[in-house]
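Asks:
2 protein chains.
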Amino acid sequence: MPQASSLSSPLVGNDAHHRILAAAEDLFAERGYDAVSIHAIATRAGVCKANVFHHFTSKNTLYIAVLRQACRDSDENLHKLEGTNLPFAERLAGFAREHLSHVLERHKVSRLIQREMLHSDSSRAQEMAEKVFGDKFQRLVAVIREGREQGELRADVDPAMVATLLIGANVFFFEARDLLRHFPDVSFAANPERYSRHLVDILLRGILPAGTPEKTLVKPAVGKSPT
Amino acid sequence: MPQASSLSSPLVGNDAHHRILAAAEDLFAERGYDAVSIHAIATRAGVCKANVFHHFTSKNTLYIAVLRQACRDSDENLHKLEGTNLPFAERLAGFAREHLSHVLERHKVSRLIQREMLHSDSSRAQEMAEKVFGDKFQRLVAVIREGREQGELRADVDPAMVATLLIGANVFFFEARDLLRHFPDVSFAANPERYSRHLVDILLRGILPAGTPEKTLVKPAVGKSPT
DNA sequence: GGGTTGACTGACCGATCGGTCAGTGATCTA
DNA sequence: TAGATCACTGACCGATCGGTCAGTCAACCC
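Protein chains in written order, with our numbering: chain A, 4 to 230; chain B, 4 to 230.
And the structure:
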């Protein structure tokens, strides 16, 4: 039996091991663990069923391997926030936009994580998600806190709350997009860019007419061309 | 065979039909459709397996009945928003708080809907969720729009966006609560009240310091956004 | 009384599930 | 060339799946 774990060379890419992993990722993300049979995975991967068990000791092992692979190369784009010295508002807008497109682009992984989140009874789910998100969330919170301490944010806002709202708004957009599309009032369902701009605008300034500036239209972020 | 649908008297409550429905709701919410066997439902309901098929023609029929029952008595608390003549900010705060506790209390139904949302490939899911949420979402949007037209909100905020952020923040709190609990920076995971207060505070006022001049914000636009 | 109806059950069905195993053929080594 | 190792396969296993069916039992109708 070969290495059942997927720690070894990800270079090959053409052999059965990786095809099985890819097929399993597709199907698990689409239908969930219990609705996917080994036979279905094998068929999509173009191998026979027994070969799946040659590479992975069990269905559960394969699922774990898929999760692990999905969580690897999850090389978030926090540096956009940490690196630059732009005004905080612009850095936050950049992060929000890129995080959302990241979630939308890697929809298979997002789906897997979403499924894992409502499987919450097992401690494994939390532990994994914690190990996956913990670091990035903490870094995001740290950046926000730093911005607050430098007077770029209100002194009484909770950095963790801001981070949660930002991530949550993006995750919810991903989850509910197909629903939102059917609501006549919603104009942004097909337009993540606009959603992100409007989100950041509200997050930064709120919805009350407090200071009431005149030109308040939401705006594409600075010079950068939005892909 | 009796009425397979659950349109008939919900008065009895003690007979097998309702015990089966309740058991199915529990299990489907906990583990999902594919992970729950008819045998498990029958056992929890205290009946034999064949009796489940006496009351419901198939597993799928039972699942639909569970969803339908879950979506009934979904008697949201929009009247808190619509009825009163309090300042808009206070009405919104009241709605946010009650909607969150509604989602948290009826966690089984929330779970079912959450599962249904990521089963999005089927048109049934969207259609149902649309028929369930559509009306309430539209009413919420209408209330917000009305508040805006009366000058209680900034003129350039999108009411549907505000509604989405509000609902999304609450849904995400429900989904991610177990995760958030493990983040040392997060102080509100065990305290929905505090989360709700902070959410509304940020939603209303934003996170920037009061006197922030407009030019440091994400640039105000003149034209319409491209695409 | 006999007959009907409806709730309910144990036994059973074919299909499919996750998983095993003996073997095949190619490749490498000594 | 013999042997070992490798990826890989078809055939098979017991268990469980969703679903069926003949029949039991009590309540009601005439």
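Here a beta-carbon is modelled for each residue, glycine too, at the ideal position from N, C-alpha and C.
I need the straight-line Cα distance from L95/B to V203/B, nearest angstrom please.
Replies: 8 Å
Asks: Is the region 20–32 of chain A touching the region 44–54 of chain A in the sense that three or more CB pairs, one from each, lie closer than 8 Å?
Replies: yes
Asks: Determine the DSSP secondary structure at F31/A, reduced to helix, strand or coil.
Replies: helix
Asks: Look at the Cβ atom of F56/A, then the Cβ atom of A68/A, and state whether they are nearer than 8 Å.
Replies: no
Asks: How about F59/B: is its C-beta nearer than 8 Å to some C-beta of chain A?
Replies: no
Asks: If R148/B and P162/B are in contact, beta carbons under 8 Å, what's the gap, nearest whole angstrom?
Replies: 4 Å
Asks: Are the C-beta atoms of S228/A and some chain B residue less than 8 Å apart?
Replies: Note that S228/A scores a pLDDT of 39, beneath 50, so its modelled location is shaky and nothing firm can be said.
Asks: If the criterion is Cβ atoms closer than 8 Å, does the pair F191/A and M164/B meet it?
Replies: yes
Asks: Measure how close the beta-carbons of R208/B and G209/A come, nearest whole angstrom, since I'm counting them as under 8 Å.
Replies: 4 Å
Asks: Cutting at 6 Å between CB atoms, please list the residues of its own chain near A92/B, excluding the five before and the five after it.
Replies: L207
Asks: Along chain A, which residues have their Cβ under 8 Å away from the Cβ of I205/B?
Replies: V160, M164, V165, L168, L206, G209
Asks: Label H110/A either buried or exposed according to how many other C-beta atoms from any shown protein chain fall within 10 Å of its C-beta, with 16 as the threshold for buried.
Replies: exposed
Asks: Could you give the distance in angstroms between the alpha-carbon of S113/A and the alpha-carbon of N54/A?
Replies: 28 Å
Asks: Closest by CA to S61/B, which one among R34/B, I23/B, A73/B, P90/B?
Replies: When only C-alpha atoms are compared, the closest one is I23/B.
Asks: Just reading off the alpha helix (DSSP H) that D188/B is part of, what are its end residues?
Replies: Note, D188/B: premise wrong, no alpha helix (DSSP H); not H, not E.
Asks: Whose CA, out of L89/A, D18/A, F186/A, lies closest to the CA of A145/B?
Replies: It is F186/A.
Asks: Where does the unbroken alpha helix (DSSP H) through E155/B begin, and where does it stop?
Replies: That residue, E155/B, is in no alpha helix (DSSP H); it is neither H nor E in DSSP.
Asks: If you count every other CB in all the chains shown that lies within 10 Å of the CB of T167/B, and 16 or more means buried, which is it?
Replies: buried
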